[in-house]
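Protein chains in written order, with my numbering: chain A, 36 to 146; chain B, -10 to 103.
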């Protein structure tokens, strides 16, 4: 059974600081997705990582994938309040394209 | 359309009643997925379709849950004889192709079983 673990699950950080969210998964996969969810809202796609060593950046967020270590990171640079949300990583199952989600990292950026 | 459209936004049913949820995928997307989000952060995959064919139903509780994607109609997820534990937000997602494209999610249907 594919397991996806995120840490930390809760993160409170000050504006302007940097931090990294980690996503580990238990079986081989060369693809990984990052999503953002605001309270009571839908999931917004942030990044699609399709190969070992893939790195993608959008604004203050940068995601990377190491398929050999079965690890993805989501790095936040100089956090701002607008980044407060829950961030999920997801790995597709081997039997199809169904996504297995981590439990999410609830990020709160404070002044 | 350009967004995944789910209806209704909120559905309230008494225990034992039937619940039916609808999803219109993004036009041109071949794959449709249903997920259940419980306890705010736990997502569970239910079923996926490739066009009108079931693609993967490994997550589907088969006794009471059923789903369809028929041509020229919204996809549907139906729960018979609902239980309290079915209370959750049900998300539908669609993708252009199966694997290399992101899944685009609808706003969800919040199902409350009383």
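No residue lacks a Cβ here, since even glycine has one placed at the ideal position from N, Cα and C.
Neighbours of residue 66 (chain A) across chain B, judged by C-beta separation under 8 angstroms: 88 and 89. DSSP places residue 70 (chain A) inside the beta strand (DSSP E), whose first and last residues are 67 to 72. Runs of the beta strand (DSSP E) spanning 3 or more residues and lying entirely within the stretch 67 to 100 of chain B occur at 77 to 84, in chain order.
Here residue 62 (chain A) is not bridged, per DSSP, to any residue.
DSSP lists A:106 as the bridge partner or partners of residue 101 (chain A). According to DSSP, residue 141 (chain A) shares a beta bridge with A:45 and A:121. Contact check for residue 13 (chain B) against residue 39 (chain B) fails: the beta carbons are separated by 9 angstroms or more. Residue 80 (chain A) belongs to the set of residues whose beta carbon lies under 9 angstroms from a beta carbon in chain B. In the three-state reduction of the DSSP assignment, residue 116 (chain A) falls in the helix class. Closest by C-alpha distance to residue 71 (chain A), out of A:124, A:84 and A:101, is A:124. Under the 9 angstroms criterion on CB atoms, residue 82 (chain B) is classed as interfacial with respect to chain A. Each of B:93, B:34 and B:21 was checked against the Cα of residue 62 (chain B), and the nearest Cα belongs to B:21. For residue 69 (chain B), the number of other beta carbons within 10 angstroms of its own is below 16, and it is reported as exposed. If you draw a straight line from the Cα of residue 17 (chain B) to the Cα of residue 10 (chain B), it comes to about 21 angstroms. From the beta-carbon of residue 127 (chain A), the residues of chain B found nearer than 9 angstroms are 87 and 88.
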